[in-house]
Structure formats: structure tokens, C-alpha cells
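Yeah, the sequence shown ends on 931 if you go by the numbering used here, and it's all consecutive.
The structure appears right after this line, and notes come after that.
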Amino acid sequence: EGMTLAVIDAPPHAAPAASQIAKRSQLVLVPVRPSAFDLAAVPAAVEIIRAAKVKGAFVLSACPFRAPEIAETRAALEAYGLPIVPHEITDRRAFSRAVTTGSAVTEFEADGKAAEEIRALWDWIMKAL
């Protein structure tokens with residue numbers, strides 16, 4: 803109560819909790835790495851979003867630099883009919899380095915590519931809301 807924004811990381815395999823969180827959300831982002839394991843979890847996440855009747859979108863994350871799997875994953879996600887954030891989050895060292903300092907990547911390396919990707923994602927989220 804009284805919050806304007808809450809970011810909650812809830813896995814789809816924890817369906818009861820994830821469903822309750824989704825029902826109270828304006829937007830549910832599903833991070834998807836370009837891997838078979840992540841794609842296998844997508845149907846459960848989509849089911850939660852649809853049952854909650856909430857806006858949902860996919861964000862490609864931990865993407866290998868310029869890998870063909872990115873386009874393949876994007877194509878597979880299109881079949882679900884949810885928007886796909888047009889900005890990928892690349893698997894960059896700055897993310898792990900930032901964590902070791904207790905910082906967000908936008909604090910750790912504010913002018914770096916990783917921070918740029920996060921700002922682009924944030925801008926997309928703000929427009930989607």
C-alpha cells in the first residue's frame with residue numbers, strides 16, 4: 803500500500819506465489835535467456851500472465867554477444883503473442899563485477915554498455931506502464 807513501483811523476482815515454478823504477485827501487478831516481465839531451459843519455462847509464465855489478466859512482456863537476458871540464438875529465441879517467443887522488449891540484456895562482465903561491489907551496474911559503470919542496456923529497458927518499462 804502506498805507504493806508506486808515494486809520489482810519482484812518470482813519464478814514461474816512457484817506458481818501459487820507467482821500467480822498472486824501477477825494479479826497485483828500492472829506489468830509482468832519474463833526474463834528469458836537464449837536457452838532451451840528458459841524456453842521450456844515460458845509456457846508456465848505465460849499461463850500465469852493470462853490467468854491474472856495483466857500486461858506481460860518478454861525480455862531477452864544474459865544474451866551472448868551477437869549469437870544466432872538471440873534471433874531464434876525471439877522467433878520462438880513471438881508465438882506466445884506477448885510483446886518482446888526490443889532491447890536485449892547482454893551477458894557482460896560489468897553485471898557480475900557490480901554485484902561484487904554491492905552496486906547496480908548503473909552505479910558501477912554508469913557510462914558502460916551494460917548500464918546503457920538497463921537504462922533502455924527501464925525506459926521501455928516506463929512507457930509500457
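In this text, a Cβ means the ideal position worked out from N, Cα and C, and glycines have one as well.
If you draw a straight line from the C-alpha of residue i to the C-alpha of residue j, how long is it?
i, j, result
"Ala-878", "Arg-899", "31 Å"
"Val-907", "Gly-914", "8 Å"
"Thr-903", "Ala-912", "14 Å"
"Ala-842", "Arg-868", "22 Å"
"Val-830", "Ala-864", "18 Å"
With respect to the alpha helix (DSSP H) encompassing residue i, which residues constitute its N-terminal and C-terminal limits?
i, result
"Pro-870", "870–880"
"Phe-897", "895–902"
"Val-848", "838–854"
Can you list, in chain order, the residues of its chain whose CB lies under 7 Å from that of residue i, leaving out five sequence neighbours each side?
i, result
"Ala-812", "Ala-819, Ala-820, Ile-823"
"Ile-850", "Pro-814, Ala-817, Ala-820, Ser-821, Ala-824"
Can you tell me where the beta strand (DSSP E) holding residue i begins and where it ends?
i, result
"Ala-859", "857–862"
"Val-887", "No beta strand (DSSP E) contains Val-887, which DSSP labels as neither H nor E."
Quick one: what's got a C-beta closer than 8 Å to residue i's C-beta in the same chain, skipping five residues either side?
i, result
"Glu-874", "Pro-836"
Take every Cβ of the segment 909–920, pair it with every Cβ of the segment 889–900, and state whether three or more of those distances are shorter than 8 Å. Output reads yes: the segment 889–900 touches the segment 909–920.
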